[in-house]
Amino acid sequence: MLAVISLSGVRMRSGYSSTMVPPEVRLNIGMGSSRMLEGLKAFLSLWYEDIAWWRPLRRYIDRQIRAFSWTALTSYLGQWYEDIAWWHPLRARLSRRYRENPWSLLKASAVTIVCLAVFAAALWVALGWLFGHKWVWELDQGAETTRYGVSRMVLYIGAGVVGVVGVLIAYRRQRGVEEGHFLEQLAESARQLGDENPTVQAAGAYALAGLADRSTRERRQQCVDVLCAYMRLPYVTDGAQGIRVSSSVSELVHTRTTQGDAGAEEKVEQTIVMRPHDRATRQTIMRIIVQHLREGALVTWSNLDFDFSNTTFDYVDFSKARFAGSVRFSGATFSGSGANFTEAEFLGGITDFENVRFSGGGTSFMKAVFRSESTNFTEAYFLADNAEFSGARFVGSYTSFAEARFAGKYVGFVSAEFISKNVSFADAQFVAEDSVFQKAKFAGDYADFSGVKFIETAANFRETVFGSETVHFGHAEFSGEKTDFQLALFKSRRSDFVGAAFLAIWSDFRGAVFEGEYTGFVAAAFASKVVHFGEVEFRGEATDFQRAEFTGASTRFEHVLFKGRINFDESRCLGGEMSMGGVKFASDSIPSGKCDFPRRD
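Plus 8 on top of the position in the sequence shown (first one is 1) and you've got this note's numbering.
As C-alpha cells, then:
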C-alpha cells in the first residue's frame, strides 16, 4: 500500500512507457495491486453477506439450486410434451401401432442409429451450403468456413440432439415409474371408496380427487371414471316409489314397470345390495365433482367426460357447472328435491338425457346453454312440479325432445332459443297444467312438432318466433283450456299444420303473422268452442285450408289479410257461425275451389 501511496502524485504523460519505471517500483506496484484486490474481494464478500435485501433472494436461489434435479427437468419437459395439442392424435396413433406391433431392442436401436446418421449427414451438407454456398467436399481447407469447422458444428448439434433424446428416454422411464405409482394410488383410493365405513369412503373420494388434480388429463379421466362408476351403482332412495329402506336390510329386490318395444308393460326385477351411509357418500362425491366444474376451481374437470347413465340422484345442484366434454345422464333418475342445472353449460360433443326421469320438487335448466353437437332429451319423463327451460339456448346441430312427457304442474320454455339445425318435439306429450313457449325463438333448418299432444293443458306460443326453414305441426293435438298463438311470427319458408286438431276451448291466432312462402292447415280440425284468426296476416305466396273442418261454436277470420293465393277447397264449417268481416284479399288471391260455409241467419 505504501508503494501505491508514494505514486499517487505521479502524473503519467502521454506516450510514457512502462519500461521507464524502475523494476523495484513495478514490483511494489504489483504487490500493492494484489493486496488491493484481496482487500476488495474481502469487502465485497462482507457486503454480499450483510446486505439485508439480498439474503432472502440468496436463500431462495440456494434452495432452487439444491432442489434442481434431472427429475424436475424431465417432469417439466414431459408436461410440455403432454400438452402439445397437435401431437395428441399422432401420439395416440403411434402408441396404438406400437402396442399392436412392439419393436425389439435390437430393431429400435438400429432404427435410432440410422435416423441419427441420416440427420447428421443431412445437417452436414446443409450447413456447408449455408455457410460456404458450396457442397461440403468443395470447401477450401484454408477458408474461414472450412470443412473441419462445419463438421465440428455438426458434432456439437448432434451431441445436443443426443442429449435431448436422453432426456426423453429419462422422461419415458420416469413416466413408467409414475404410471405404476399412480395405479397403486388409484387402486388404494378405490378400495377406500368401497369400504363400509363412511369415513373411509369419504377419504377415498377425496383421495381420488386429489390424485386427479395432480395428474395428467388421461389419468384425471380415470379418477373421474371411478367416481362416476360408484354413482352408477344401484341405489334406492328412502321412500322412493313406496319403498322404505331399513339399515338392517342387506339386499333389496326392486321391481319396476317399463314400456316394452311393442308398447306392452314389462316388469323388471333388480337386486340392489344395500350399502350403509350410501347417501352421504354420494353427496360427498357430487359435491367434489360440482366444485371442479364451476368457475374458479383451482383444477378444472370441465374438459373431462362424465357418464352418469342409470344413476339415481337424491338431489343434485349443477348450477353454473361447465361441461366441455361429453356428458351422459341416459336412464338416470332425479328424485328428492329435484335437479338444478340453472346456467349450466354443455359444450362437449354429446349431451344425453335420453329416457331420464325427473321427479321430486322441480327441474330447472333456466338459462342453460347447450352447445353440444347433439342434445338429447328423447323419451325424458318430467314428473317434477316444474320443468323450467326458460332462457335456455340450444345451439348444436341436433336437439331432441321427441317422445318426451311433461306431466308436472308447469312447463316453461319462455324466451328459450332453439338455434340448432334440427329441433324435434315429435310425439312429445304435454299434460302439465300450463305449457308455455312464450317469446321462444326457433331458428335453424327444421322445427318438428309433428304428433305433439297438449292434453288438458294450456299451450302458450304467444309472441313466439318461428324462424326455422320449416316448421311442422303435422297431426299435432291441442286440447285443454286454451291454445294461444297470439302475435306469433312465422318467418319459416314453410309452416305446416296438416292434420292438426285444435280441441281446446279457445284457439287463438289473433295478430299472428305468417311470412313464409307456404302456410298450410290442410285437413286441420278446428273443434274449439272459439277459433279466432282476427287480424292475422298471411303474407306468403300460398295459404292452404283445403279440407279443413270448423266445428266450433264460433270461427272468426275478421280483418285477416291474404296476400298470396288462398285455398279453402273442400273445407267445411259444420258448427256455429263463421265471421269473415273485413277480410282483405290481394288481386290474385281470390279463394278457389268449392267450400261449404252455410249461411247463418
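No residue lacks a Cβ here, since even glycine has one placed at the ideal position from N, Cα and C.
Here the structure is a predicted model, which is why all the values come from computation and not from measurement.
Counterpart residues of residue i in DSSP-defined beta bridges
i    : result
T120 : Per DSSP, none; premise fails for T120.
L497 : V473 and V521
V538 : W514 and S562
Q437 : R413 and K461
Y314 : One detail in the question is off: residue 314 reads as Phe in this sequence, not Tyr. Its beta-bridge partners are V335.
K449 : E425 and V473
V377 : E353 and R401
H480 : D456 and D504
G370 : Answer is none; G370 lacks a bridge partner.
T359 : V335 and T383
Y526 : R502 and A550
Exposed unless 16 or more other CB atoms sit within 10 angstroms - verdict on residue i
i    : result
E485 : buried
M374 : buried
G589 : exposed
C123 : exposed
R199 : exposed
G184 : exposed
T207 : exposed
K461 : buried
K592 : exposed
G188 : exposed
A125 : exposed
L582 : exposed
E226 : exposed
T527 : buried
R181 : exposed
N205 : exposed
E381 : exposed
I296 : buried
I574 : buried
A467 : buried
A129 : exposed
Chain-order list of residues whose beta-carbon lies under 6 Å from that of residue i (same chain, five-residue window excluded)
i    : result
Y323 : G344 and S345
F469 : F445, F493 and A496
D516 : D492, Q494 and H540
F342 : F321 and F366
A395 : T371, F414, G416 and V419
V33  : Because the pLDDT of V33 is 45, which lies under 50, any placement of that residue in the model is unreliable, and the number read from its coordinates should be weighed accordingly. If we look at V33 and ignore the five residues flanking it on each side, it has no Cβ neighbours.
A434 : A410, D456, S458 and G459
A388 : F361, V364 and A412
T350 : S327, S372 and M374
A556 : F529, A532 and S579
L10  : Residue confidence is low: L10 scores 37 on pLDDT, short of 50, so the model does not pin down where it sits. No coordinate-derived value is stated.
Residue from the options with nearest C-alpha to residue i
i    : options                   : result
L201 : A467, A213, R302 and A448 : A213
C195 : E204, P206, L219 and I177 : In the sequence as presented, Cys is not what sits at residue 195; that position holds Ala. Answer by Cα proximity: L219.
G357 : I513, F510, S334 and A340 : S334
N311 : A533, E303 and C581       : E303
E578 : Q554, G584 and L301       : Q554
K537 : S562, E545 and T551       : S562
N384 : F337, T551, E549 and K571 : F337
W309 : A512, G452 and L235       : L235
V521 : F570, H480, T559 and K490 : F570
T407 : D393, V377 and F390       : V377
F426 : A436, E362, F402 and Q437 : F402
A237 : M294, R379, F529 and R580 : M294
L191 : A392, T551, Q229 and T559 : Q229
A508 : A215, G584 and A531       : A531
A210 : D286, F397 and G369       : D286
V432 : V422, E381, T224 and Y454 : As written in the sequence, residue 432 is Ser, which differs from the Val given in the question. Considering only alpha carbons, the answer is Y454.
Q437 : H483, G404, K447 and A400 : H483
T478 : T386, G404 and K429       : K429
I177 : D203, T120 and T551       : T120
The ligand MG heavy atom lying under 8 Å from the CB of residue i
i    : result
Y418 : Questions concerning the ligand MG fall outside what the structure shown contains, since it holds no ligand whatsoever.
Same chain, Cβ closer than 7 Å to residue i, neighbours up to 5 away in sequence not counted
i    : result
D221 : V307
E464 : V439, S487 and G488
Y318 : At residue 318 the sequence reads Asn, which differs from the Tyr that was named. For N318, where only same-chain residues beyond five positions count, the Cβ hits under 7 Å are R240, G339 and A340.
S398 : M374, G420, F421, V422, S423 and A424
G298 : Before going further, note that residue 298 is Val rather than Gly in the sequence given. Correct list, in chain order: D325, F326 and A329.
Sequence-distant residues of its chain with Cβ nearer than 8 Å to residue i (five each side left out)
i    : result
K499 : V473, F474, G475, E523 and G524
F331 : L301, S310, F314, A352, E353, F354, L355, G356 and T359
F316 : C236, M239, R240, V335, R336, F337 and A340
I513 : G488, E489, K490, S536, K537 and V538
D203 : Q209 and G212
Handout entry: the stretch 237-246 touching the stretch 327-338, judged by at least three CB pairs closer than 8 Å
Key = no
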